[in-house]
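2 protein chains.
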Amino acid sequence: MDGLSWIEQAPDAVARTAPPVRMGILSDLQDFAASAMGRVENALDESIAAAESEGCPPRLAEAMRYTVFPGGARIRPRLSLAVAWACGDDDPRAAAGAGASIELMHCASLVHDDLPCFDDADRRRGKPTVHLAYGEPLAVLVGDALIVMAFETLVRCVSRKPRRLGALVSIVGRSTGASGGITAGQAWECEPVIETALYHRAKTGSLFAAATMAGAAAAGASPHAWSSLGGMIGEAYQVADDIRDVAGNPELLGKPVGRDEALMRPSACRELGLKGAVAKLNGLVEAAIASIPECPRATELRLLIRREASRFLPEDIIRLAA
Amino acid sequence: MDGLSWIEQAPDAVARTAPPVRMGILSDLQDFAASAMGRVENALDESIAAAESEGCPPRLAEAMRYTVFPGGARIRPRLSLAVAWACGDDDPRAAAGAGASIELMHCASLVHDDLPCFDDADRRRGKPTVHLAYGEPLAVLVGDALIVMAFETLVRCVSRKPRRLGALVSIVGRSTGASGGITAGQAWECEPVIETALYHRAKTGSLFAAATMAGAAAAGASPHAWSSLGGMIGEAYQVADDIRDVAGNPELLGKPVGRDEALMRPSACRELGLKGAVAKLNGLVEAAIASIPECPRATELRLLIRREASRFLPEDIIRLAA
Chain A
-4 MDGLSWIEQA PDAVARTAPP VRMGILSDLQ DFAASAMGRV ENALDESIAA AESEGCPPRL
56 AEAMRYTVFP GGARIRPRLS LAVAWACGDD DPRAAAGAGA SIELMHCASL VHDDLPCFDD
116 ADRRRGKPTV HLAYGEPLAV LVGDALIVMA FETLVRCVSR KPRRLGALVS IVGRSTGASG
176 GITAGQAWEC EPVIETALYH RAKTGSLFAA ATMAGAAAAG ASPHAWSSLG GMIGEAYQVA
236 DDIRDVAGNP ELLGKPVGRD EALMRPSACR ELGLKGAVAK LNGLVEAAIA SIPECPRATE
296 LRLLIRREAS RFLPEDIIRL AA
Chain B
-4 MDGLSWIEQA PDAVARTAPP VRMGILSDLQ DFAASAMGRV ENALDESIAA AESEGCPPRL
56 AEAMRYTVFP GGARIRPRLS LAVAWACGDD DPRAAAGAGA SIELMHCASL VHDDLPCFDD
116 ADRRRGKPTV HLAYGEPLAV LVGDALIVMA FETLVRCVSR KPRRLGALVS IVGRSTGASG
176 GITAGQAWEC EPVIETALYH RAKTGSLFAA ATMAGAAAAG ASPHAWSSLG GMIGEAYQVA
236 DDIRDVAGNP ELLGKPVGRD EALMRPSACR ELGLKGAVAK LNGLVEAAIA SIPECPRATE
296 LRLLIRREAS RFLPEDIIRL AA
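Protein chains in written order, with our numbering: chain A, -4 to 317; chain B, -4 to 317.
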């Protein structure tokens, strides 16, 4: 867990920080929030179970489950669900599958990024990394298998609305591939010169943008208008991560702090200082909320985003930066 | 190059070993064979070029091209094209894209299989392996990027017939994933006990089966009837590879021989002896040809398969096994 609690606030907690809203909205929000995490976990379990069928080597199956469960905050797939919900959610199964596809890509990238040839990390989500638990060969293969599984999940989840498949495969593919996707993001670390904005957009922003776009596409809405929202939330999330990397408590984060500095990675904190980075984070959140396109539940979605973003940083870090 | 020359025979060479056929068929065959390799290379180039656009780190782009070009015999994508052609080929762009998708998956698996944690290979297709040329991090990322690119290629290539996308994504996904796909095949090497048939079917047969099925699906035919043909050609190809691994000339193969023995991999030669393995190879080829479903150019396809299979092994090995 990384300390985020996307959309799980009780309605009264929301009401304290947001403008007054009618009770029906808060009740809808409550219903949605209560079901979101369960829908994500079920969709992920269904994808893994499909891959575990005949022909899957037992240790590979075990390592895939180890990688995906238990998860972190599942912020990306819940963002997909939130956007699909805001867009009317006419096919909840498609929305859950789209979110699961994004999360599987995220898990795949974590396993590969943790490998000895990259971060050489020993802990992830509070337990040994996959290559330490299952060996490096299976860690490489788990990543490969989860990438493939992400696309298979899309086919299965849109079986009732097959016309949505093309957009979903394009969105997920673009956000993970060599052209500005998370693979490109990681590959920037292998370049002699790194352009910070491009690096962050690819490494983090791309998958967040895909989360919002895929949520819209899964609900039959035009995905392009939703790219900015995800991209800016992703950038804000990355800035918050940079800040926690410098100022955070390793026990809260579940992974070592100071990695960016140790690996000489681009960091908003190193470029702007702690105070500047916090100001940047706040600006990004406001811009993200302002970018939400017209949709059936735009008000609800604005509430959700504001509330979640207020929890990007622990109180003690905000005080530190004040 | 691995010594195979799929469907590039001059018509007179075909006529010498096959039953007499009418000239129109041979002329069609000639036309098809003359264009097949070019269509594969163009489709691959289009996929790489799309990924190289804005946002791709330069060294990643270079490493992807290094991995995919120059290729081997492109036996899988040309098999896709041959099946699509046999089925009427009503959308040549879809067929070329389907073949390219399969070949990109094949290239991705080669890069990852060559990594130090697997085969630790230093040569591939006559030049240094990707991790030696570009470092291990980029080799991992090239594999990831090519897997994603394979699915993006499918979306692009079926833009005129979007209803075919679901079948194609399913076929390519299943053949590469954890449930009997090439990832499973490689993962069997990490298990304490390996079941040879399952291992070979996953590691080699699955992608060959996908090549024939994707060729059929790209041409609007039902893919399932085409699974056996690809599976058996794949198994024959693997048996031929086992035989070459034991008896072949390393200069002809472009990679070290004796790797299976050194790595204690399952091998038809170790199980059946050289003579038994050659008999198995011949039986598989006959069964493959007999499995070809009814389709507009079944006669032509039978000719192609028989001719190609006769070149699976160099003459000196066949003499050695006689």
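Ideal placement from N, C-alpha and C gives every residue a C-beta, glycine not left out.
For this session: Tell me, please, whether the region 30 to 44 of chain A touches the region 154 to 169 of chain B by the rule of three or more beta-carbon pairs shorter than 8 Å.
Result: Too few Cβ pairs lie closer than 8 Å, so no.
Exercise. Under 7 Å Cβ-Cβ, which residues of chain A neighbour arginine 120 (chain B)?
Worked result: As a position in the second sequence, residue 120 (chain B) is number 125, starting the count at 1. The premise fails here: arginine 120 (chain B) is roughly 20 Å from chain A at the closest Cβ pair, so nothing lies under 7 Å.
Exercise. Is the beta carbon of threonine 178 (chain A) less than 8 Å from the beta carbon of alanine 128 (chain B)?
Worked result: Translated into positions along the first sequence, residue 178 (chain A) becomes position 183. Translated into positions along the second sequence, residue 128 (chain B) becomes position 133. For threonine 178 (chain A) and alanine 128 (chain B), no; Cβs fall outside 8 Å.
Problem set entry | Per-residue DSSP class, three states only, for lysine 156 (chain B) | For the purposes of this step, residue 156 (chain B) is taken as the residue at position 161 of the second sequence. Shown here, lysine 156 (chain B) sits in coil according to DSSP, grouped into three states, outside any helix or strand.
Problem set entry | Neighbour list for alanine 46 (chain B) in chain A, Cβ cutoff strictly below 8 Å | Residue mapping note: residue 46 (chain B) aligns to position 51 of the second sequence, counting from 1. At a C-beta separation below 8 Å, alanine 46 (chain B) has these neighbours in chain A: Gly172, Ala173, Ser174.
Exercise. Helix, strand or coil: which one does DSSP assign to proline 87 (chain B)?
Worked result: Taking the first residue of the second sequence as position 1, residue 87 (chain B) is located at position 92. Under the three-state reduction of DSSP, proline 87 (chain B) is assigned to helix.
Exercise. According to the neighbour-count rule (16 or more other Cβ atoms, all chains shown, within 10 Å of its Cβ), is aspartate 26 (chain B) buried or exposed?
Worked result: Taking the first residue of the second sequence as 1, we reach residue 26 (chain B) at position 31. So aspartate 26 (chain B) ends up on the exposed side.
Problem set entry | 6 Å CB neighbourhood of valine 241 (chain B) in its chain, flanking five on each side removed | Along the second sequence, read from residue 1 onward, the residue named residue 241 (chain B) stands at position 246. Closer than 6 Å at the Cβ level, and outside the excluded window around valine 241 (chain B), lie Cys264.
Problem set entry | Nearest-angstrom beta carbon gap, glycine 50 (chain B) and alanine 197 (chain A) [assumed within contact, 8 Å] | Start at 1 with the first residue of the first sequence, and residue 197 (chain A) comes out as number 202. Start at 1 with the first residue of the second sequence, and residue 50 (chain B) comes out as number 55. Taking C-beta atoms under 8 Å as the contact rule, alanine 197 (chain A) and glycine 50 (chain B) qualify, at a distance of about 6 Å.
Exercise. Are phenylalanine 307 (chain B) and alanine 212 (chain B) closer than 8 Å when you measure CB to CB?
Worked result: As a position in the second sequence, residue 307 (chain B) is number 312, starting the count at 1. As a position in the second sequence, residue 212 (chain B) is number 217, starting the count at 1. Contact flag unset, no.
For this session: Measure from the C-beta of phenylalanine 146 (chain B) to each C-beta in chain A and report whether the shortest distance is under 8 Å.
Result: Taking the second sequence and counting its residues from 1, one reaches residue 146 (chain B) at position 151. Yes, because at least one Cβ of chain A sits closer than 8 Å to the Cβ of phenylalanine 146 (chain B).
Exercise. Going by DSSP, which residues form a beta bridge with lysine 122 (chain A)?
Worked result: Against the first sequence, residue 122 (chain A) aligns to sequence position 127. According to DSSP, lysine 122 (chain A) bridges with A:Arg119.
For this session: Tell me, please, whether the CB atom of phenylalanine 113 (chain B) is closer than 8 Å to any CB atom in chain A?
Result: Indexing the second sequence from 1 puts residue 113 (chain B) at position 118. Residue contact with chain A for phenylalanine 113 (chain B): present (Cβ-Cβ distance below 8 Å to some residue of chain A).
For this session: Please confirm if tryptophan 183 (chain B) has its CB atom under 8 Å from at least one CB of chain A.
Result: Looking up residue 183 (chain B) in the second sequence gives position 188. Yes, because at least one Cβ of chain A sits closer than 8 Å to the Cβ of tryptophan 183 (chain B).
For this session: Tell me whether arginine 69 (chain A) sits in a helix, a strand or coil according to DSSP, three-state version.
Result: Within the first sequence, residue 69 (chain A) is the residue found at index 74, counting from 1. In the structure shown, the three-state DSSP call for arginine 69 (chain A) is coil.
Exercise. Taking the C-alpha atoms as reference points, what is the distance between methionine 32 (chain B) and tyrosine 194 (chain B)?
Worked result: Here residue 32 (chain B) corresponds to residue number 37 of the second sequence, with the count starting at 1. Here residue 194 (chain B) corresponds to residue number 199 of the second sequence, with the count starting at 1. A straight line joining the alpha-carbon of methionine 32 (chain B) with that of tyrosine 194 (chain B) spans about 30 Å.
Exercise. Would you say leucine 247 (chain A) faces chain B, with C-beta separation under 8 Å as the test?
Worked result: The residue labelled residue 247 (chain A) in the question sits at position 252 within the first sequence. Low confidence applies to leucine 247 (chain A): its pLDDT is 48, below 50, so where it sits in the model is not reliable, and the reading given next is rough at best. Closer than 8 Å: no.
Problem set entry | Per-residue DSSP class, three states only, for glutamate 184 (chain B) | Taking the first residue of the second sequence as 1, we reach residue 184 (chain B) at position 189. Coil, per DSSP.
Exercise. How is isoleucine 312 (chain A) classed by DSSP in three states: helix, strand or coil?
Worked result: By one-based count along the first sequence, residue 312 (chain A) stands at place 317. DSSP places isoleucine 312 (chain A) within a helical segment (H, G or I) once states are collapsed to three.
For this session: May I have a chain-ordered list of the alpha helix (DSSP H) segments no shorter than 4 residues that lie completely inside the region 24 to 60 of chain B?
Result: Given a length threshold of 4 residues, the region 24 to 60 of chain B has no whole run of the alpha helix (DSSP H) inside it.
For this session: Taking all protein chains shown into account, decide if glutamate 184 (chain A) is buried (16 or more other Cβ within 10 angstroms of its Cβ) or exposed.
Result: Against the first sequence, residue 184 (chain A) aligns to sequence position 189. Classification of glutamate 184 (chain A): buried, given that the 10 Å Cβ count is 16 or more.
For this session: Return the CA-CA distance between leucine 247 (chain B) and glycine 67 (chain B), expressed in angstroms with no decimal places.
Result: Taking the second sequence and counting its residues from 1, one reaches residue 247 (chain B) at position 252. Taking the second sequence and counting its residues from 1, one reaches residue 67 (chain B) at position 72. Only weak support is given to the placement of leucine 247 (chain B): the predicted model assigns it a pLDDT of 49, under 50, and the value that follows is read from those uncertain coordinates. Leucine 247 (chain B) and glycine 67 (chain B): Cα-Cα distance of roughly 12 Å.
For this session: Kindly give me the distance between the Cβ atoms of arginine 71 (chain A) and isoleucine 97 (chain A), rounded to whole angstroms, as I take these residues to be in contact under 8 Å.
Result: For the purposes of this step, residue 71 (chain A) is identified with residue 76 of the first sequence, where counting begins at 1. For the purposes of this step, residue 97 (chain A) is identified with residue 102 of the first sequence, where counting begins at 1. Confirmed, about 5 Å.
Problem set entry | is_contact[leucine 55 (chain B), chain A] using C-beta, thresh 8 Å | The residue labelled residue 55 (chain B) in the question sits at position 60 within the second sequence. At least one CB atom of chain A sits nearer than 8 Å to the CB of leucine 55 (chain B).
Exercise. What's the gap between the Cα of aspartate 237 (chain A) and the Cα of alanine 204 (chain B)?
Worked result: Residue 237 (chain A) sits at position 242 when you count from the first residue of the first sequence. Residue 204 (chain B) sits at position 209 when you count from the first residue of the second sequence. Taking C-alpha positions only, aspartate 237 (chain A) is separated from alanine 204 (chain B) by approximately 47 Å.
For this session: Show which residues of chain B have a CB atom less than 9 Å away from the CB atom of valine 135 (chain A).
Result: Residue mapping note: residue 135 (chain A) aligns to position 140 of the first sequence, counting from 1. The answer, in chain order, is His107, Leu110, Cys112, Phe113, Val135, Gly138, Gln181.
Problem set entry | Same chain, Cβ closer than 6 Å to alanine 318 (chain A), neighbours up to 5 away in sequence not counted | As displayed, chain A neither begins before -4 nor continues past 317, which places residue 318 (chain A) out of reach and without an answer.
For this session: Could you name the residues of the same chain whose beta carbon sits closer than 8 Å to that of alanine 173 (chain A), not counting the 5 residues immediately before and after it, in chain order?
Result: Position 178 of the first sequence, counted from the first residue, corresponds to residue 173 (chain A). Within the same chain, alanine 173 (chain A) has close Cβ partners Ala179, Ala182.
Problem set entry | valine 135 (chain A) and histidine 107 (chain B) closer than 8 Å at C-beta | Start at 1 with the first residue of the first sequence, and residue 135 (chain A) comes out as number 140. Start at 1 with the first residue of the second sequence, and residue 107 (chain B) comes out as number 112. Cβ atoms of valine 135 (chain A) and histidine 107 (chain B): closer than 8 Å.
Exercise. How about threonine 124 (chain A): is its C-beta nearer than 8 Å to some C-beta of chain B?
Worked result: Along the first sequence, read from residue 1 onward, the residue named residue 124 (chain A) stands at position 129. No, because no Cβ of chain B sits closer than 8 Å to the Cβ of threonine 124 (chain A).
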